[in-house]
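The opening residue of the sequence shown carries number 5 in the numbering used here; numbering runs sequentially from there. Each residue gets a CB set at the ideal place from its N, CA and C atoms; glycine is no exception. What follows is a single structure, written as structure tokens, with notes after it.
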Amino acid sequence: MSSDPAERTDDADADAAAGTPPEGSEAAADAAAAERAAAAKGGDHLLSIEDVDAYYGQSHILRDLSLHVEEGEICALLGRNGAGKTTTLRSIAGARPPDVRDGVVRLKGEAITDRSTEDVSSLGISLVPEERRVFPNLTVAENLHLSDVARNWSNVVGRAISMDHPGMTTEEVYEVFPRLRERASQKAGTLSGGEQQMLAIARALKQDTDLLMLDEPYEGLAPQIIQTVEDAVERIADMGTTILIVEQNAVAAMNVADRAYVIDQGAIVFAGDSEELRDDETTRERYLGV
């Protein structure tokens, strides 16, 4: 099976393709109503997704999905494998597939649904993909330098985008991840899984980032390493970066998140504070298995 999230399918996707209503359709309706009420109140919504339907070919993956991320918070999107988490991130980032056929994605109130991945990135959204995807034959320092090459003022020439402020300097990311300073001359492919995750996050932070999206950052990590990454995520948030974290490891994600959404078969079935989700045993057992 391909590791590309655009090519992966499972039973949930098969149900979606067949038009099968999500098992928790009543919960999805309740969550959607709560999200619309929250959106109506306004607030400091850095990101909002409004009634999005997204497809891989004829497979209907995201179903009338709505959520928002407020300025300065850590927000978690939780769900089992195949629930639609990565598809949500790809829809935000402008990656194709999926094909967003209905609904709108907004950043700071501006519709970005039809913008290219390059434009979305330049507008301030950085995605750290699942499986890290560092360059194994380059050193840590060289991986970080790639962000300087890939994102500079020449990228805005002739395009309806700007670079309001630069990302972190290499020295600043080393302060967030001191282990990377120690490994600066080491090839990325020889790093531990936790160190590679730190490098992937650090590389994203070197770009102009208002919203940092983390796709399964704890995957394959030992518990003590997860704690190290959690601490780093909290430090990044304390520095003013808004974070959207996608995880199957709901317990770890709820440790750092202010609010949480639960997604099942492409629909939001829970929206609320992390503490509320911790107390909601029915939702956790039914949709997260914890």
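Beta carbon of Asp68 nearer than 9 Å to that of Ala275 = No.
Is the distance from the Cβ of Pro227 to the Cβ of Val132 below 9 Å?
-> No. Outside cutoff.
Would you call Ser95 buried or exposed, if buried means 16 or more other Cβ atoms sit within 10 Å of its Cβ?
-> buried
Are the beta-carbon atoms belonging to Leu215 and Ile129 less than 9 Å from one another?
-> yes
Helix, strand or coil: how does DSSP classify Gly276 here?
-> strand
Rounded separation between Ala261 and Leu281 - CA only = 11 Å
Reduced DSSP category for Tyr222 - H, G, I as helix; E, B as strand; rest coil | In this structure, Tyr222 counts as coil in the three-state DSSP scheme.
Which value, in whole angstroms, describes the spacing of the CA atoms of Ser70 and Asp212?
-> 26 Å
Classify Asn141 as buried or exposed, calling it buried when 16 or more other Cβ atoms lie within 10 Å of its own Cβ.
-> exposed
Going by the CB atoms, is the gap between Leu195 and Val2 shorter than 9 Å?
-> No answer is possible for residue 2: it lies beyond the span of the chain, which begins at 5 and ends at 294.
Other residues of its chain near Met172: CB distance less than 6 Å, five sequence neighbours each side excluded = Leu209, Lys210
When you compare only the Cα positions, how much space is there between Val294 and Glu54?
-> 29 Å
Met243, DSSP secondary structure in three states | coil
Under three-state DSSP, which class holds Leu195?
-> coil
Pairwise C-alpha distance: Asp277 and Asp283 = If you draw a straight line from the Cα of Asp283 to the Cα of Asp277, it comes to about 10 Å.
Check whether the Cβ atoms of Thr117 and Ala97 sit closer than 9 Å, and answer yes or no.
-> no
Quick one: using the 10 Å Cβ neighbour count with 16 as the cut-off for buried, is Glu175 buried or exposed?
-> exposed
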